[in-house]
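Those protein sequence lines, which keep their order, are chains L and Y. According to the numbering used here, the first sequence holds residues 1 to 167 in order. According to the numbering used here, the second sequence holds residues 168 to 822 in order.
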Amino acid sequence: MKRKHQRMILVGGLVLGLGTATILVFQAFRSTGELFVIPSKIAATAPKDRAFRLGGMVEAGSVQKTQDGTRPAVKFRVSDGIASEDVSYVGILPDLFREGQGVVALGRLQPDGSFAAQEVLAKHDENYMPPDMADELKKTGWKPEKGAPPPSALWNAAKSGSGPTGG
Amino acid sequence: MIAELGHFALALGIAFAFAQAIIPLWGAWRGDIRLMQSAPGLALGQAMAMVSSFACLVWVSVSDDFSVSNVAENSHTLKPLLYKITGAWGSHEGSILFWCLILSLCGGAVALFGRNLPAGLRARVIGVLALSSCGFELFAILESDPFLRIWPPPENGQDMNPLLQDPGLAFHPPMLYAGYVGFAIPFAFAVAALIEGRMDAAWGRWVRPWTLGAWCCLTGGIALGSWWSYYVLGWGGFWFWDPVENASLLPWLTGTALLHCAIVVEKREALKIWTVLLAIGTFAFSLSGTFLVRSGILNSVHSFANDPARGVFILALLGLVIGGSLLLFLIRAPLLGASGIFAPVSREGALVLNNILLCAIAAVVATGTTFPLFADLLFQSKISVGPPFYNITVLPLAAPVFIAMAVAPLMAWKRAALVPALMKLWWVALVAFLVGLVSAFGMSALPAMFMAFAAWMICGAFADIIERIRLFRVPFGNALSRLINLPRSHFGTTLGHAGMGVTVAGIAGMSMAVQEVVLVHPGETVKLAGYEWRLEEMHNAVGSNYNARVATITVSRNGQLVTTLSPERRAFTTQTMTTTEAKIHTNLLRDLYAVLGEERDGAAVLRLHDNTMAPLIWLGALVMGMGGFCSLADRRLRIAAPSRAARSLPGAERA
Numbered sequence: 001m002k003r004k005h006q007r008m009i010l011v012g013g014l015v016l017g018l019g020t021a022t023i024l025v026f027q028a029f030r031s032t033g034e035l036f037v038i039p040s041k042i043a044a045t046a047p048k049d050r051a052f053r054l055g056g057m058v059e060a061g062s063v064q065k066t067q068d069g070t071r072p073a074v075k076f077r078v079s080d081g082i083a084s085e086d087v088s089y090v091g092i093l094p095d096l097f098r099e100g101q102g103v104v105a106l107g108r109l110q111p112d113g114s115f116a117a118q119e120v121l122a123k124h125d126e127n128y129m130p131p132d133m134a135d136e137l138k139k140t141g142w143k144p145e146k147g148a149p150p151p152s153a154l155w156n157a158a159k160s161g162s163g164p165t166g167g
Numbered sequence: 168m169i170a171e172l173g174h175f176a177l178a179l180g181i182a183f184a185f186a187q188a189i190i191p192l193w194g195a196w197r198g199d200i201r202l203m204q205s206a207p208g209l210a211l212g213q214a215m216a217m218v219s220s221f222a223c224l225v226w227v228s229v230s231d232d233f234s235v236s237n238v239a240e241n242s243h244t245l246k247p248l249l250y251k252i253t254g255a256w257g258s259h260e261g262s263i264l265f266w267c268l269i270l271s272l273c274g275g276a277v278a279l280f281g282r283n284l285p286a287g288l289r290a291r292v293i294g295v296l297a298l299s300s301c302g303f304e305l306f307a308i309l310e311s312d313p314f315l316r317i318w319p320p321p322e323n324g325q326d327m328n329p330l331l332q333d334p335g336l337a338f339h340p341p342m343l344y345a346g347y348v349g350f351a352i353p354f355a356f357a358v359a360a361l362i363e364g365r366m367d368a369a370w371g372r373w374v375r376p377w378t379l380g381a382w383c384c385l386t387g388g389i390a391l392g393s394w395w396s397y398y399v400l401g402w403g404g405f406w407f408w409d410p411v412e413n414a415s416l417l418p419w420l421t422g423t424a425l426l427h428c429a430i431v432v433e434k435r436e437a438l439k440i441w442t443v444l445l446a447i448g449t450f451a452f453s454l455s456g457t458f459l460v461r462s463g464i465l466n467s468v469h470s471f472a473n474d475p476a477r478g479v480f481i482l483a484l485l486g487l488v489i490g491g492s493l494l495l496f497l498i499r500a501p502l503l504g505a506s507g508i509f510a511p512v513s514r515e516g517a518l519v520l521n522n523i524l525l526c527a528i529a530a531v532v533a534t535g536t537t538f539p540l541f542a543d544l545l546f547q548s549k550i551s552v553g554p555p556f557y558n559i560t561v562l563p564l565a566a567p568v569f570i571a572m573a574v575a576p577l578m579a580w581k582r583a584a585l586v587p588a589l590m591k592l593w594w595v596a597l598v599a600f601l602v603g604l605v606s607a608f609g610m611s612a613l614p615a616m617f618m619a620f621a622a623w624m625i626c627g628a629f630a631d632i633i634e635r636i637r638l639f640r641v642p643f644g645n646a647l648s649r650l651i652n653l654p655r656s657h658f659g660t661t662l663g664h665a666g667m668g669v670t671v672a673g674i675a676g677m678s679m680a681v682q683e684v685v686l687v688h689p690g691e692t693v694k695l696a697g698y699e700w701r702l703e704e705m706h707n708a709v710g711s712n713y714n715a716r717v718a719t720i721t722v723s724r725n726g727q728l729v730t731t732l733s734p735e736r737r738a739f740t741t742q743t744m745t746t747t748e749a750k751i752h753t754n755l756l757r758d759l760y761a762v763l764g765e766e767r768d769g770a771a772v773l774r775l776h777d778n779t780m781a782p783l784i785w786l787g788a789l790v791m792g793m794g795g796f797c798s799l800a801d802r803r804l805r806i807a808a809p810s811r812a813a814r815s816l817p818g819a820e821r822a
């Protein structure tokens, strides 16, 4: 056992370990990466056969409580001011889920074009809005420094110029 | 008045920190023993100043001084006293001050317990600790002053985020921070060794107890955090691979690697350069863990105190500390010298394997956590990764670690044979196989395999002790006396490894957990996991600063009452926020878990879980932490122990 051999084995082990890690990471990204999509981009970018994250504001007045057997279900619309998307979810909504506030839902597109959420996240902070939403909103003139984002009803109207996009 | 006093004490702390950074390092450079010996006094001075400063913050918080903006934003007269105290470290400003406090206490601890260190090394370690103190205390006073006054003072405060008003969370941050900041000490030792340009077995002996202490705190902190999210957030899960959680897992992974690597330095004077790199890397992860998440750069569903405006200062500070130490590493590491030689199959070899795999896991987790950032910058696409990503990447790397954990303690230093070590483990392999086989009836293949790994680790950990006391091969009394005389650090290893096994068993067992969301009227019964869950009634209750809706659920099995759960839904008046209080009945092997959702026309939405083996996850962490403390109690590892070695070391104070 020479010093040179030892170093070669150590470096070889390190390369092997990190190589395995790299391969695993690339494999996993390809199969599990979750794209973030806002409603107006669904047609263009959303994957049809994989889960993705839908982000936006819960449209005011769109939340409907229904029932799926003995399970409570809820339907609501998520809007980005240009388009809105029907979302259905079975389960308990997070405490911070509110109409007019930001939400991120993880789920899949259904054959009828609606979105079935398996997970709904609302942040621990009432002023939260999904970061990518905030980017989009900034283009419309809102700045985070000015405080909380405008309520979605108002904002829908401001953007489309022809009244709220949804009832 | 008190706030100004606290502000002044903080400024005094900074003055001490600067003196503590400059004088001892200058003295060590010049070989001036008097300058070097100023280090402990200055470190204690800084620690006292910071303690006073933090005490002032607690005082203004408890006395409801709403003219202090930090208190006005995070407190309320109705808030219970416990949370007024813990609120001092719950807010952004307070937590930064708390961070600085612990860093200064680390310096104080080295000053107090490091009396046997060579004067030069001690001066450098304390000096390096003070250098980082300077940066973070300046940040505290310039960018996030916790004592800032506002005028006119509001009549009442805005109250603390109700989710944080929980006894579990009261003690989670101190524990976690002690872990994060505790790694500053190995970091300071590493930088001091680089400045001195030498490192020996004694260095390993001094660094290990500090690393171990920090590791215990971090383990406890992560476990408490995970437990808190389990029962306060009411999601029923224990780990969500959220950036905040990952940020605490990263230093834990590299810290665990460092802990094992320091043994090799101590016993065999090998892997020195790697150990130094790990010490720097672990502290770098700790820093980014606390600050990157707060800077608003990484977004998380449960980060509380973040403020992007402060990001630039934090980034610059992180760059300075991490970049500076890595630069020093590049220049000085080759000086640390050649290391002892060992065969690939040996204790050292096994510890190297542990290091490579733990670092690979850390790399994978770091990639997953920061990927959304890079994806946005490089490909202009918003991609994030969730639990499936981590399951695919972490499990294949964790499995070999689990397998090696039972074998490595049985291998000899320098050169070992694999076959005899494996032969000693035949009964462990048998138990693991049977456990895996039995589990396969109740759960799917992958969790069953990890149950087998868990059994392998737990039994393997005890196999090491059994080997050492030669149980069944020498008379029983003889074995018993061997057991009593065994150094405590062996029990530390055993408990640490067995604890990991218990946690893995809990995680694997959670795959059998079942849950159901139901809409029920009072009086209706739901069947889940062989239990009958009956919603008896719902009523209102009033707490100190909230109104609650309480459901009473009786859980019975075959007509026999098991327990009564009363989950709540609390509406906090000042923050217009509702929280769910999950209620859990545990027998340490299974949790019956109930959450109350909204109400619809007299019916209540309930989420019911039967979480098999969930408590084992945190019990395992507790056992791991106990293992760490067991090792710390070892005579050879006691912080002040290496005194004889210190005296016999020549030339530590050369010019």
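Even for Gly, the Cβ is constructed at its ideal location relative to N, Cα and C. A quick note: this is a predicted structure, and the numbers were derived from the prediction, not measured.
Distance, Cα to Cα, residue i vs residue j?
i, j, result
"G710(Y)", "S258(Y)", "23 angstroms"
"V103(L)", "P319(Y)", "36 angstroms"
"V766(Y)", "V772(Y)", "The question names Val, but residue 766(Y) is Glu in the sequence shown. Computed Cα separation, rounded: 6 angstroms."
"A355(Y)", "I293(Y)", "8 angstroms"
"I430(Y)", "R375(Y)", "7 angstroms"
"V11(L)", "A622(Y)", "32 angstroms"
"S492(Y)", "V358(Y)", "7 angstroms"
"H243(Y)", "V681(Y)", "40 angstroms"
"L438(Y)", "A278(Y)", "28 angstroms"
"H174(Y)", "A290(Y)", "28 angstroms"
"G161(L)", "I23(L)", "For G161(L), the predicted model reports a pLDDT of 37, less than 50, meaning its position is unreliable; a value from the coordinates is still stated below. Each residue's alpha carbon lies about 49 angstroms from the other."
"G302(Y)", "L309(Y)", "10 angstroms"
"N707(Y)", "L732(Y)", "15 angstroms"
"D95(L)", "F115(L)", "21 angstroms"
"C267(Y)", "L454(Y)", "12 angstroms"
"F471(Y)", "W408(Y)", "Reliability of the predicted coordinates at F471(Y) is poor, the pLDDT of 45 falling under 50, and no value is obtained from them."
"I269(Y)", "I181(Y)", "14 angstroms"
"A157(L)", "T423(Y)", "Low local confidence applies: a pLDDT of 41 at A157(L) is under 50, so the model's placement there is unreliable, with the coordinate-based value given in what follows. So the alpha carbons of these two residues sit roughly 55 angstroms apart."
"M217(Y)", "I570(Y)", "45 angstroms"
"H469(Y)", "P501(Y)", "Caution is warranted here: a pLDDT of 46 is assigned to H469(Y), below 50, making its placement in the model unreliable, and the coordinate value is therefore given only provisionally. The straight-line gap from Cα to Cα measures roughly 43 angstroms."
"L391(Y)", "P207(Y)", "33 angstroms"
Of the choices the options, whose alpha-carbon is the least far from that of residue i?
i, options, result
"G387(Y)", "L786(Y), H427(Y) and V479(Y)", "L786(Y)"
"L585(Y)", "I523(Y), V512(Y), G609(Y) and V531(Y)", "V512(Y)"
"G69(L)", "D112(L), G113(L), L106(L) and G91(L)", "G91(L)"
"V227(Y)", "P207(Y), Q204(Y), R201(Y) and W256(Y)", "W256(Y)"
"G50(L)", "P555(Y), V729(Y) and F796(Y)", "The amino acid at residue 50(L) is misidentified as Gly; the sequence shows Arg. The shortest Cα separation from R50(L) among P555(Y), V729(Y) and F796(Y) belongs to P555(Y)."
"S311(Y)", "T449(Y), D333(Y) and I481(Y)", "I481(Y)"
"G726(Y)", "A369(Y), E699(Y), L454(Y) and G507(Y)", "E699(Y)"
"T753(Y)", "R435(Y), N778(Y), T721(Y) and V479(Y)", "N778(Y)"
"M705(Y)", "L272(Y), T719(Y) and N712(Y)", "T719(Y)"
Could you check where the alpha helix (DSSP H) with residue i kicks off and where it finishes?
i, result
"F643(Y)", "F643 to N652"
"N707(Y)", "Run containing N707(Y): none in the alpha helix (DSSP H); it sits in the beta strand (DSSP E), Y698 to V709."
"D631(Y)", "A612 to I636"
"T536(Y)", "R514 to F541"
"R30(L)", "R3 to T32"
Considering just the uninterrupted stretch of the beta strand (DSSP E) at residue i, what are its terminal residues?
i, result
"D86(L)", "S84 to V90"
"M217(Y)", "M217(Y) -> not in any beta strand (DSSP E); alpha helix (DSSP H) instead, spanning S205 to V229."
"K65(L)", "Q64 to D68"
"H114(Y)", "The structure shown does not extend to residue 114(Y), since chain Y is modelled only from 168 to 822, so the question has no answer here."
"R71(L)", "R71 to S79"
Look up residue i in the DSSP assignment and give the residues it is bridged to.
i, result
"H776(Y)", "Q682(Y) and Y760(Y)"
"F338(Y)", "DSSP lists no partner for F338(Y)."
"A715(Y)", "A708(Y) and R737(Y)"
"G55(L)", "V104(L)"
"S242(Y)", "S242(Y) pairs with nothing; no bridge assigned."
* If you measure beta-carbon to beta-carbon, which residues of the region 45-75 of chain L are closer than 7 angstroms to chain C? -> As a matter of chain content, chain C is missing from the structure shown, whose protein chains are L and Y.
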